[in-house]
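Reading through the structure tokens given below for one structure.
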Amino acid sequence: MTDQQAIRGELLTLETMSTVEIANILDEAAQFAKGKEWRSNKELFIANLFFEPSTRTRYSFEVAEKSLGLHVLSFSEESSSVQKGESLLDTVKTFEAIGANALVIRHPENDYYQHIREQISIPIINGGDGSGHHPTQSLLDLLTIQQEFSTFSGLNIIIAGDLRHSRVARSNADVLTRLGATVKIAGPKEWMAGYEQSYQYVNLDDELPKADVVMLLRIQHERHDGKMEFTKESYHKQFGLTVDREKNMKESAIILHPAPVNRGVELASELVECKKSRIFKQMKNGVAVRKAVVKRALNQF
Amino acid sequence: MTDQQAIRGELLTLETMSTVEIANILDEAAQFAKGKEWRSNKELFIANLFFEPSTRTRYSFEVAEKSLGLHVLSFSEESSSVQKGESLLDTVKTFEAIGANALVIRHPENDYYQHIREQISIPIINGGDGSGHHPTQSLLDLLTIQQEFSTFSGLNIIIAGDLRHSRVARSNADVLTRLGATVKIAGPKEWMAGYEQSYQYVNLDDELPKADVVMLLRIQHERHDGKMEFTKESYHKQFGLTVDREKNMKESAIILHPAPVNRGVELASELVECKKSRIFKQMKNGVAVRKAVVKRALNQF
Amino acid sequence: MTDQQAIRGELLTLETMSTVEIANILDEAAQFAKGKEWRSNKELFIANLFFEPSTRTRYSFEVAEKSLGLHVLSFSEESSSVQKGESLLDTVKTFEAIGANALVIRHPENDYYQHIREQISIPIINGGDGSGHHPTQSLLDLLTIQQEFSTFSGLNIIIAGDLRHSRVARSNADVLTRLGATVKIAGPKEWMAGYEQSYQYVNLDDELPKADVVMLLRIQHERHDGKMEFTKESYHKQFGLTVDREKNMKESAIILHPAPVNRGVELASELVECKKSRIFKQMKNGVAVRKAVVKRALNQF
């Protein structure tokens, strides 16, 4: 799929994308983050199709798109013909027919794009699929790390928390490893399924002093079917980044979290804006990354 | 009402509109379909007020409006003061007061516009009223036929399906007849109420070989109160355009459907994009028609 | 808070704002109402965050913002991460991080802005908080009165109706008094709680002949928990502006109502557009006021 993603301007998953292509996107994103301006000289439409709630992803795409001079069609499931039973494929083909030049899609189904991408001729940018992928989130994590350390090579990175339900854990772990970092995982053992073969499972307290980057994952209560094995307090104490744990981190280390943060669970509320936290910088970088990704999707026009 | 619709730039129903006026709109739409560009040189606002779900109509209006350089106010019932009991008239007058230069309205009540059009001085474009009218859908059907056959005169047209609940069957049948075509109707007999006096009821299998245009109507499950007289399979077999039936159509004939299609019910899924299908062309034409209609509405400014 | 609101370009409440600052805003709004045009020469984003339904406020802000050349991010609670438990503070900080230059917020909690304003560096414009404040509504009421009488000094003003649940009664009463008007209150006695110490409670029939301005308040059924002490008819007869009562008003007097009107309750339906009514002019003025307020918020950029 690698070449196709690049050729067609798609962004579906980083897992099959070459490190060269990833580096290209990050380079362009870094320039946007530094203030680069670029506007389409054609009149182009992009449709944001969100089949799940979202604030950060939806509106940072919208900021990026409007800054690039695009017309934005903002679609929510609630007030659409999906209510009349219309399929994703037919919705997508409708937007192509009425003039959308690219689509951003968030959908609760893993790999939703597999059965539709070949049936349309405009690029899809994946804004998150089920518990599968969330490539623009991964890219903004990468950009934030690159801005800090200039390289990925040799970095010690801990991914901690609810890996099983995470859209970004897998592709972040995979891509960071390919880029030369050492990735270790932490959190409740039963949430590590599928990761322990490839990544070293560590105790947070042992590893924190060595880490350059701590990536905390959001506990997705909405994907736990109401059954949480821990109280918020006990999770925080056992697996969260507490005020005490943060003190054991390196001076130069940084904290990442995709947000929204469950304050006092994954992270002590006081740490959300601490010196090491790059959480709001991640959001800011999200706009730069999405500008790069949208520009790439529209390059063919 | 004919003259008033033209004079005021309204589009409420085709039934009382002269064939001259219809031809004028189609001419302009045909030019837009061929790539004509036109932008308002004034700063104008249009409000899209949707009191029912919609994808195609809503977003093709939005594409048309934004292409014409208008500011778009996109209103959905859910997050409005309609929740506080505000009437349609008061909602409409509010949008007039705050600066809308025209209104696109979809509303579940038949003829909703009758009691409001005289109370405002800006034009209403009807985006669909109950099971009453859907004039831009009719116009895009007409444009698609005209592009294909250059004329309406002498064409054999079958309208098949749920005529009783359809917003477009009546005005399409009426207008096509006025324009010189022969319209016949097909489908479950009990769904033909009100049509059999004026149009010949035919058996699909007998008539398909003679038809130039087959207009299939969507079964509006949401208007059947959950009571459907047929299973999907039995409807498809008796009244749908099956793969086998399509083979009996003329080489030059075309298939229209307003979409969303109930795949495997009105139409075999394989036929949605077959050579004869103009379903996605209809959507594309929908943007051209709406550009023409919106430009007409704003002509007075 | 006075100076801070002016310095930071915030608009939270008129109660702590100086009459000089209020006059400045009204002057600019009056110019916009007369047709003044102003467009930002920078690319700026404003986010409209509505946590309660709204038509007038939401869309008149949107008209104002788009007229000023801003990019508008239109946020509704339903399709956002608030569904995943995200707090107002985190939502607000997200919009700041992704590039919003100002925020318009409507929220059901009184004084919601108190705990967030110090944590962000962009100005908040209060679009209504619980039963607390609604400063742009107050400003548009003031503008409408000023356009009519050129001054506030010496005017007799009756505020009638559901003062207890009103967002504007308190700040209107306070500001109008500070500006030199005499404010009296009318309506069901039990709805006057908190006002009777400062304002004279009057019988509508006695006072109407002397009033220059009658400000009717909307009965907010949605804030009465379903318990209404009156039938609509009995309220109208006892406390509403009936057709008969209107006849006793001065020739030069005007009627204001924030809308949506409960027709036949606060006001006879026939009076909504009578000669004395300024209800639709208020809406029109709402756009001018919001242009002034948004321009003020963006002045620092």
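Heads up: the sequence lines are chains A, B and C, in that order.
The opening position of the first sequence corresponds to residue 1 in our numbering, with each subsequent residue numbered one higher.
The opening position of the second sequence corresponds to residue 302 in our numbering, with each subsequent residue numbered one higher.
The opening position of the third sequence corresponds to residue 603 in our numbering, with each subsequent residue numbered one higher.
We put the beta carbon where it would ideally sit given N, CA and C, even for glycine.
query, result
"I'd like the span of the alpha helix (DSSP H) that includes T392 (chain B), first residue to last.", "L389 to A398"
"Please confirm if the region 97 to 108 of chain A is in contact with the region 324 to 332 of chain B, defined as three or more CB-CB distances below 8 Å between the two stretches.", "no"
"With 9 Å as the threshold, decide whether the Cβ of A297 (chain A) is near any Cβ in chain B.", "no"
"Sorted by chain position, which residues of the same chain lie with C-beta nearer than 6 Å to E848 (chain C)'s C-beta, five sequence neighbours on each side aside?", "L873"
"At 3 residues or longer, what runs of the beta strand (DSSP E) sit wholly inside the region 439 to 465 of chain B?", "457 to 461"
"Which of the three DSSP states is assigned to K184 (chain A) in this structure?", "strand"
"The alpha helix (DSSP H) spanning S535 (chain B) covers which residue range?", "K533 to F540"
"If you reduce the DSSP assignment to three classes, tell me which class I254 (chain A) lands in.", "strand"
"With 9 Å as the threshold, decide whether the Cβ of H673 (chain C) is near any Cβ in chain A.", "yes"
"Taking a cut of 9 Å between CB atoms, which residues from the region 844 to 867 of chain C lie near chain B?", "A861, P862, V863, N864 and R865"
"I'd like to confirm the pairing. Which residues does DSSP put opposite F677 (chain C) in its beta bridges?", "C:L651"
"According to DSSP, is Y803 (chain C) part of a helix, a strand, or is it coil?", "strand"
"Give a single yes or no on whether I520 (chain B) has its beta carbon closer than 8 Å to a heavy atom of the ligand GTP.", "The ligand GTP is not part of the structure shown, which contains no ligands of any sort."
"Locate the beta strand (DSSP E) running through V213 (chain A), then write down its first and last residues.", "V213 to L216"
"For chain B, is any of its Cβ atoms less than 9 Å away from the one on I98 (chain A)?", "yes"
"In the DSSP assignment, find the beta strand (DSSP E) that holds D731 (chain C) and state where it starts and stops.", "I726 to D731"
"So the candidates are C:E680, C:N626, C:A813 and C:S662; which of them puts its Cα closest to the Cα of S854 (chain C)?", "C:A813"
"What residue does the beta strand (DSSP E) around I105 (chain A) start on, and which one ends it?", "A102 to H107"
"Between the Cα of L843 (chain C) and the Cα atoms of C:V891, C:Y797, C:I760 and C:E798, which residue gives the shortest distance?", "C:I760"
"Measuring CB atoms only, is the region 565 to 582 of chain B touching the region 529 to 540 of chain B, in the sense that at least three cross pairs come out at less than 8 Å?", "yes"
"Just to confirm before moving on: does the CB-CB distance between V214 (chain A) and I279 (chain A) stay below 9 Å?", "no"
"Would you call the region 309 to 329 of chain B and the region 128 to 146 of chain A touching, i.e. three or more CB-CB distances under 8 Å?", "no"
"Curious, which full-length beta strand (DSSP E) runs of at least 3 residues does the region 847 to 894 of chain C contain?", "856 to 858"
"Flag R658 (chain C) as yes if its beta-carbon sits less than 9 Å from any beta-carbon of chain B, otherwise no.", "yes"
"Report the three-state DSSP secondary structure of H134 (chain A) (helix, strand or coil).", "coil"
"Contact criterion: CB-CB distance below 9 Å. Does F652 (chain C) meet it with respect to chain A?", "no"
"With DSSP as the reference, label L613 (chain C) as helix, strand or coil.", "strand"
"Determine whether the beta carbon atoms of N650 (chain C) and S676 (chain C) lie at a separation below 9 Å.", "yes"
"Give the interface partners of K695 (chain C) over in chain A, defined as CB-CB distance under 8 Å, in chain order.", "F280"
"Just to make sure I have the definition right: I need the residues of chain C whose C-beta is within less than 7 Å of the C-beta of M283 (chain A). Which are they?", "T696, A699 and I700"
"I need the straight-line Cα distance from V594 (chain B) to E449 (chain B), nearest angstrom please.", "21 Å"
"On the three-state DSSP scale, how would you describe A598 (chain B)?", "helix"
"Nearest-angstrom Cα distance between A753 (chain C) and L140 (chain A)?", "Per the sequence presented here, residue 753 (chain C) reads as Thr, with Ala not at that position. Their Cα atoms are separated by approximately 56 Å."
"In chain order, which alpha helix (DSSP H) runs of at least 4 residues are fully inside the region 16 to 63 of chain A?", "19 to 33"
"Going by Cα to Cα distance, which pick from B:R597, B:D545, B:M550 and B:H466 is closest to A494 (chain B)?", "B:H466"
"Which chain B residues sit within Cβ distance under 7 Å of F61 (chain A)?", "In chain order: nothing, as chain B lies at least about 17 Å away."
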